[in-house]
Structure formats: C-alpha cells, structure tokens
Amino acid sequence: MSNGAEVTGYRAFRAARDYLLAHREDYETAYREFAWPQLDEFNWATDWFDRIAADPANAQRYALWIVEEDGAENRWTFPEMSARSNQVANWLRGLGVSRGDRVIVMLGNQGELWETILAAIKLGAVVIPASTLLGPADLADRVERGNAKHVIVRSADTEKFAEVAGDYTRIAVGEPVSGWHAFETAYASAAEFTPDGVTRAEDPLLLYFTSGTTAKPKLVQHTHVSYPVGHLSTMYWIGLEPGDVHLNISSPGWAKHAWSNFFAPWNAEATVFLYNYSRFDAAALMAQMDRCGITSFCAPPTVWRMLIQADLSVLRTPPKKVVGAGEPLNPEVIEQVEKAWGVTIRDGFGQTETSVQVANTPGQDVVAGSMGRPLPGFVVALVDPVTGERASEGEICLDLAHRPVGLMAGYADDDERTSAAFANGYYHTGDVGSIDERGYITYVGRTDDVFKASDYRISPFELESVLLEHEAVAEAAVVPAPDPIRLAVPKAYVVLASGHEPNADTAREILAYAREHLAPYKRIRRLQFADLPKTISGKIRRVELRGREGGERPEGEFREDDFPDLKS
C-alpha cells in the first residue's frame, strides 16, 4: 500500500471505530448514523495494528497475555507483538510464502499463533485456521480442497501429516522435527518489515472450513476487510474499550476465536487474555479472572452452563462486560449469573460467514429470551421461506441492498452454494427468528432443526430452555421422534447435573416439570439420558440425534406413558 493510501485507510478505519466507541451505549444513534469505512486498499496488520503499536499510549500496554494451568505466564506489549510479527513475516517470506498463498495454521493458544496471523496478513497470504483436534483425514481435506502451499503446526502434531500428501512447506512450532523448518529461527530475522505491494480490500485473507453440523464443511472466504473491519460490530456488541482485559473462551481454528481473541479486542486497543487448561475448572478460572483483573468476558453456552454449577460468588470482582455466543443462551443461565455477579449476559448472533449481526448491546434493555437487535451496519430482515416476503417470523437474512462489510465474499470454489446463500437480494443465514414491535429478534432454531408435532411448529431451543430450568438438567437437546398419531413428538436427550441419577424417578421429575411449564402441544413426550454429540467447535449435532430416531424403542428411553400419574 502506498503511504498515502495507508494513511487514508488508517484514518477511515479509526473514524469508524471511534464513532462506535463514542456511541457505545447509544444504540439508536449508532444504528442510525454509523457508516462502514470505504476502503479500496487496506492491510489491517500494517495499517492498523502497527500504527496503534507505535502509539506512545500503547508502549507498555499488553496486547496478549497468556496464563498456563501451572501458573506460568507470558505477556507481550503491542510494540513487541508488532516487531515479532515482522520477524515472522520476513522469515516466512524467505521460505517462499508469498501473496495469495494459502497457509494452514494449526496452533494452540500460544504467542506464535498471534504472531503468525499478523505476519500472514502483512504478507498478503491466506490463512486456513485449523483446530489442533483435527485428524489426518480432516487435514488431508484441508490441504487438498484448501490448496494449501504451507502448513504451520505444533511439533506434537507433525505426525498427523505423515500420510497427508502434497508438496507443501512444513513448519514446526516447538521442539525440532526432522524434515520440518524450526519456527524459532524466525526471531533471527529483521524486526522491520516492508510490504511487497498493495493489499486490496477485496483480496482473500481467511478460508474457514465450517464446523459442518449438517453437511461436509464449506469453505468460507473472508477478505482483508470482511473480518478485520467487519468485527467493529463485534467490538460494539461486547462493549470493548481501550485498556480492557478481555477473556474469550474459544479454541483456535474456529471463527469465534478470530472474532474475540484477535480482531475485536485489538480493534479496541484492548488486551487479549487467555487461560489455558486441560480440564475445565470453574474455581480455577474465576481465580485467574480475579487475579488478572478481567474486565470483559465471553464464553459459549456450554461454559456458562458449567459455570453456574459452581459457586459464582467466589469471583470477587466480576467483569462488567459479559456476553455469550455460539448458540442461544437459556434464560436460566442469564438469571443465575445476574443474581451472583450483578451483570446481565448479553447474547449475540453471528456466523462463521459474518461478524456479529444481532446482539444485545451495552446500555440497552435486555428482553428475556431475545438475542437483541441488528448491529450498526447490518440491515436484517426476517423472510418467509415459502413466499419470500418479509414476515414477523422467518429466516434471518441480511438485506444485500445495504450489504454489510462484515459478510463473507462467498464459499470458495463453490458457485452453487454461494448463489444459494445470496439468492433474491438477501444473504440467507439458515436460522429462523421472530421479531417484536421494538425490533428485538428471538432465535427460533436452524431451519433444519425446527419441526412439526401434531401440526404445530416446534422450536427445540424453546423447549430446551424450559428443561434447563430444572436443577437436574445440565444440558439438553430436543429432536422429533416419530409417532403414529402425532407424526412426531418432542424427545429430549438430557445430560444430568452432578448429584442426579439417570433413573426413572429423575425422568419422571423432569417430564413433570416440562408438563407443568409447557403448552400441551410442546410437551416433552420422551426422554433419554445421554451425552450430546457435538461438532469439534462445540455445537450440538441435533442432526445426529435425529438420525437415532425411527427404529425400535431404544434401551433407556423413558416415555410419558410410562408414568400414568402424570396425566392425573
């Protein structure tokens, strides 16, 4: 990027960022007046991150702070992270990584991950984030369909590539591995970096293999603005400000990690905080949050549900900003956290394909059960899937007449899926919601999760929320089970909270509770205690549970008819 364009890009981005900060609690004004910055050339790492790293106000501010389970910790200031990523960029360039090359990055929550992503952005390379949980078959798919030219992985994971064919550069982070370049030699490179050319706003930056709740993963392609700039909406949702210390519990390789462990906090000039653990321990997590002064906290529903099983009062100084994303949060979780911490968890909705689209933003009323209102820069419409007309309940869509920056370019190498997603002037999320007179949107479910029972439309999420109010239920997933009379009836798969036994008495208690708190057509008619299958990113695979239904009555399934007294 030419120096003039660099300054223009920086100023346009900062103006948009500062506007959202100034109206952090004034949703109406922010939504009405905010405009995305218009950028032709933009490299977020050189035009934004390096600029804020050079700001004297950030000279001693930590960009990244990682605490290990054994108490060890590492911290890097903004200037240090800028210089180290320059060294990595220069070193990777020497290994042949060039503009447009696709690079698989498969690292844990370690400093090298952030350095590598910054370096790749500076080089104009395309990052394919990969979870360390992936096996050889998944990696072969990513190398082949992702057309990867380079892989950067932990030394411990290099063996997974032994059977992965391809002529790709092999780079190992950690102990030396024969046949692999040692990442640690990067730090001998120069700490000054000069780009080799212009980064166009529309150039590809990220290629995500989606978690595939229902089908083979799609390749979501993001540009140098769709995620870096688009996550201004995520910054606004969380309420991040300069100087915040933000903890987001998420695994590298998935979109939410980029949302809240990379772009959103650094857009705000906040510190990214990580606590690495082998097994979740609520008390240990809260002890670190207290010690390190966490001001902002984001976690998926699974973590929130585990947290409320613990004594939340041990956290003496709770964060003032708490949010949840990944799947909708159930009201019971929100109520318990509010009671213990005095703060309201604010739900947000987005996808790998987008930044945050809909959320409860700071300072606004939170409507029970609702995930909030459209974010500044997003024009959301609920569209009836049959008529294609706008409706009070329908598929959550983005109006492409006002296309937001925080939206993917499309599905790489898949024109058919891209065309379907962008059909009829809308981006189609595949999620269903309802909207009230104030513009608050309530999540109903995935278009393929919602089902009919006795000709009534059933939202699994609504039923699961009621089940989670029962003290014995830690997690629940509701799917349709075939029924000769009603066509289908709601069946709940339940994970029990500690201290409760998976027996008939417990099943009766839960069914009775559901019967009392749900309309007759929504009642849970069948129940089974079982672990819930999940994607590698933690989302419940209801499609797998639906596939278990249809045959003989499975062992361990309890039915409403087993308890005649429930109907008395």
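Each residue of the sequence shown is one higher than the last, beginning at 76 in the numbering used here. C-beta atoms are modelled at their ideal positions from N, C-alpha and C, and glycine is treated no differently.
Starting from residue i and walking both ways along the beta strand (DSSP E), at which residues does that stretch end?
i, result
"Y568", "562–571"
"S509", "501–510"
"A552", "548–558"
"Y596", "Neither: Y596 is in no beta strand (DSSP E) and is coded neither H nor E."
"E148", "148–152"
"V142", "137–142"
"I409", "Unbroken run through I409 is the alpha helix (DSSP H), 406–416; no beta strand (DSSP E)."
"A134", "No beta strand (DSSP E) holds A134; DSSP gives it neither H nor E."
"A528", "526–528"
Go ahead and pull the three-state DSSP assignment for residue i.
i, result
"R478", "coil"
"S181", "Residue identity differs from the one stated: residue 181 is Met in this sequence, not Ser. Residue state, collapsed to three classes: strand."
"T289", "Here T289 scores only 47 on pLDDT, less than 50, and its place in the model should not be relied on; the value that follows carries that caveat. Here T289 sits in coil by DSSP."
"T517", "strand"
"T581", "helix"
"E641", "Just to set this straight, residue 641 is Leu in the shown sequence, not Glu. In this structure, L641 counts as helix in the three-state DSSP scheme."
"L390", "coil"
"Y302", "coil"
"E632", "strand"
"F348", "strand"
"S264", "coil"
"F604", "strand"
"E100", "coil"
"K395", "coil"
"H297", "strand"
"R354", "coil"
"H332", "helix"
"V273", "coil"
"G84", "helix"
"R421", "strand"
"E250", "coil"
Which word fits residue i, buried or exposed, when buried means at least 16 other C-beta atoms lie within 10 angstroms of its C-beta?
i, result
"R229", "buried"
"T309", "buried"
"T462", "exposed"
"T288", "In this predicted model, T288 has a pLDDT of only 46, less than 50, meaning its place in the structure is not dependable; the value taken from the coordinates is given anyway. Buried is the call here."
"R34", "Only positions 76 to 643 of the chain appear in this structure, which leaves residue 34 out of reach."
"N435", "buried"
"I179", "buried"
"G146", "exposed"
"E537", "buried"
"P639", "exposed"
"P211", "exposed"
"F355", "exposed"
"K597", "buried"
"S388", "exposed"
"P595", "exposed"
"Q296", "buried"
"P251", "exposed"
With a threshold of 6 Å on Cβ separation, who are the neighbours of residue i within its own chain once the five nearest residues in sequence on each side are excluded?
i, result
"R621", "V554"
"E413", "T419"
"V431", "S308, T309, W312, G423, G425, L450"
"P535", "G520, D524, V553"
"W111", "G452, V480"
"V564", "A528, A556, D558, R600"
"G438", "E100"
"F633", "A582, L602"
Leaving out five residues on either side along the sequence, give the residues of the same chain with a beta carbon under 8 Å from the beta carbon of residue i.
i, result
"L95", "A105, F109, L307, M310, Y311, P451"
"V218", "I179, V226, V239, A240, G241, Y243"
"Y501", "A456, V458, C472, L473, D474, L475"
"P460", "G469, E470, T522"
State the start and end residues of the unbroken alpha helix (DSSP H) segment that holds residue i.
i, result
"P279", "No alpha helix (DSSP H) holds P279; the beta strand (DSSP E) holding it covers 279–284."
"Y323", "The sequence given here places Asn at residue 323; Tyr does not occur at that position. Here N323 belongs to no alpha helix (DSSP H); instead the beta strand (DSSP E) covers 320–323."
"W312", "307–313"
"A128", "125–128"
"A495", "490–496"
"R616", "First-last for R616: undefined, no H or E at that position."
"S326", "From DSSP, S326 is part of no alpha helix (DSSP H); its letter is neither H nor E."
"A374", "Element bounds for A374: not the alpha helix (DSSP H) but the beta strand (DSSP E), 371–374."
"F536", "535–543"
"A110", "Premise fails: A110 is in no alpha helix (DSSP H) and is neither H nor E."
"N342", "339–342"
In chain order, what residues of the same chain lie with their CB nearer than 7 Å to the CB of residue i, ignoring the 5 residues before and after it?
i, result
"K575", "Rather than Lys, the amino acid found at residue 575 in this sequence is His. Cβ neighbours of H575 beyond the five flanking positions: A547, T581."
"I510", "L457, S467, I516"
"I369", "V320, L322, F348, P394"
"R380", "V408, A549, E550"
"D278", "G199, T298, H299"
Uninterrupted beta strand (DSSP E) stretches inside the stretch 426–472 (no shorter than 3 residues): 431–434, 455–458
Those runs of the alpha helix (DSSP H) which lie wholly inside the stretch 167–243 and span at least 4 residues: 186–198, 211–220
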